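One structure below.
Residue numbers (my numbering), protein chains in the order written: chain F, 4 to 139; chain U, 2 to 140.
Given below as structure tokens:
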């Protein structure tokens with residue numbers, strides 16, 4: 004595929020993803036925290052529907068991609084490698100997500116809506132850069 | 002418990018869009034829609050791959066802007082203090098990079114292809130996030 008087609012496809016896929024984040028409520032920290040608050044009296048389970056819908060749709064398209072494209076043109080599933088970096092990284096990520104109710108995709112959307120989110124997004128970029136160093 | 006049909010249906014449709022976007026990105030571009038990994042790669046040396054990832058990331062706010070006009074245009078509420086937000090951002094970025102993925106890469110793409118790494122990572126970050134919220138509500 005030509006580079007222009009690839010870039011357009013990437014932009015449209017990103018747009019569809021961002022539209023899904025906005026429609027679902029994922030970009031709103033209060034809704035996310037309401038979903039994570041399973042023990043509280045105000046638990047809002049709606050966001051479970053995001054994963055319930057996203058996973059089978061993605062799985063179906065991954066399957067079709069593997070059927071229709073040569074194996075070297077779609078990413079293969081990584082080998083099982085469950086080490087301390089995966090566990091500690093996921094735990095730290097989860098704590099941060101639970102503190103603010105914001106994960107990376109919504110962070111990139113929210114900063115374009117309200118500049119206050121830079122207080123979250125800029126340290127996030129610093130964290131990504133630090134993580135890059137540790138992985139290298 | 003708070004449950005409402007509109008919120009549930011919006012989440013279901015939004016989730017289907019997220020899954021479709023991740024699936025198409027995989028199919029057409031041959032890439033995993035992992036947002037933390039793609040954002041982190043913008044901080045390294047640029048190539049065509051990086052431009053392709055940047056195109057996806059630029060699409061995020063554009064698509065969100067369009068869909069916010071379609072009804073679910075509720076104001077974004079943040080209750081955390083700036084210091085908490087800054088700490089949270091640092092943990093989210095660093096943790097996602099160290100653990101090789103976040104809610105999109107592990108939680109959607111990884112689970113959709115039954116990656117053992119992603120199943121473990123998702124279980125860990127969901128538990129950690131829920132525990133964090135529960136502990137804070139007692140403090």
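Glycine residues also receive a C-beta, built at the ideal position from the N, C-alpha and C atoms.
For clarity, every value in this text was computed on a predicted model and none was experimentally measured.
Classify residue 33 (chain U) as helix, strand or coil using the three-state DSSP reduction.
-> Note: residue 33 (chain U) maps to coil in three-state DSSP.
Close Cβ partners of residue 50 (chain U) (< 6 Å) along its chain, the five nearest in sequence each way excluded = Once the five neighbours on either side are set aside, residue 50 (chain U) has no close Cβ partner at all.
Give, in chain order, every residue of the region 56-67 of chain U whose Cβ lies closer than 7 Å to some Cβ of chain F.
-> Within the region 56-67 of chain U, 56, 57, 58, 59, 60, 61, 62, 63, 64, 65, 67 place their CB atoms closer than 7 Å to a CB of chain F, listed in sequence order.
Using 9 Å as the limit for Cβ to Cβ distance, is residue 27 (chain F) near chain U?
-> Cβ-Cβ to chain U under 9 Å: yes for residue 27 (chain F).
Take residue 89 (chain F) as the anchor and find which of U:37, U:125, U:6, U:140 has the nearest alpha-carbon.
-> With respect to the C-alpha of residue 89 (chain F), the residue from U:37, U:125, U:6, U:140 having the closest C-alpha is U:125.
DSSP state of residue 3 (chain F), grouped into three classes?
-> In the structure displayed, chain F extends from 4 to 139; residue 3 (chain F) sits before or after that span and is not available.
Where the alpha helix (DSSP H) containing residue 63 (chain F) begins and where it ends = Per DSSP, residue 63 (chain F) belongs to the alpha helix (DSSP H) from 51-71.
What first and last residue would you give for the alpha helix (DSSP H) that runs through residue 82 (chain F)?
-> Segment: none, residue 82 (chain F) is in no alpha helix (DSSP H) and carries neither H nor E.
Under three-state DSSP, which class holds residue 112 (chain F)?
-> The three-state reading of DSSP puts residue 112 (chain F) in helix, counting H, G and I together.
Since residue 106 (chain F) is in the alpha helix (DSSP H), which residue starts that stretch and which ends it?
-> For residue 106 (chain F), no alpha helix (DSSP H) run applies, since DSSP gives it neither H nor E.
Contact belief for residue 11 (chain F) with residue 44 (chain U) at Cβ below 8 Å, rounded distance in angstroms = Not quite, the Cβ-Cβ distance comes to about 24 Å (not below 8 Å), so this is no contact.
Reference residue 77 (chain F); option with closest CA among F:113, F:64, F:83 = Looking from the CA of residue 77 (chain F), the closest CA among F:113, F:64, F:83 belongs to F:64.
Measuring only between beta-carbons, confirm whether residue 98 (chain U) sits less than 9 Å from chain F.
-> Residue-level contact by beta carbon holds for residue 98 (chain U) and chain F, with a gap shorter than 9 Å.
Please report the residue range of the alpha helix (DSSP H) in which residue 50 (chain U) lies.
-> Looking at the DSSP string, the run of the alpha helix (DSSP H) that includes residue 50 (chain U) is 49-69.
Measure how close the beta-carbons of residue 57 (chain F) and residue 9 (chain U) come, nearest whole angstrom, since I'm counting them as under 8 Å.
-> Not confirmed; about 14 Å, so no contact.
Proximal chain F residues relative to residue 48 (chain U), where beta-carbon distance stays under 9 Å = Going along chain F, no residue has its Cβ under 9 Å from residue 48 (chain U), so there is no contact; the nearest lies around 12 Å.
What did DSSP end up calling residue 34 (chain F) once you bin it into helix, strand or coil?
-> In the structure shown, residue 34 (chain F) sits in a helix (DSSP, three-state: H, G or I).
9 Å Cβ cutoff met for residue 34 (chain F) and residue 104 (chain F) = The answer is yes: Cβ separation under 9 Å.
Are residue 102 (chain U) and residue 42 (chain U) closer than 9 Å when you measure CB to CB?
-> Judged by their CB atoms, residue 102 (chain U) and residue 42 (chain U) are not nearer to each other than the 9 Å cut-off.
Option in F:136, F:137, F:123, F:46 with minimal Cα separation from residue 79 (chain U) | Restricting attention to F:136, F:137, F:123, F:46, the CA atom closest to the CA of residue 79 (chain U) is found in F:123.
Take residue 86 (chain U) and list the residues in its own chain whose beta-carbon comes closer than 8 Å to its own, dropping the five residues that flank it on each side.
-> Excluding positions up to five away in sequence, the list reads 79.
Could you check how far apart the C-beta atoms of residue 134 (chain U) and residue 36 (chain F) are, in whole angstroms? I think they sit under 8 Å.
-> Yes, residue 134 (chain U) and residue 36 (chain F) are in contact; Cβ-Cβ is about 6 Å, under 8 Å.
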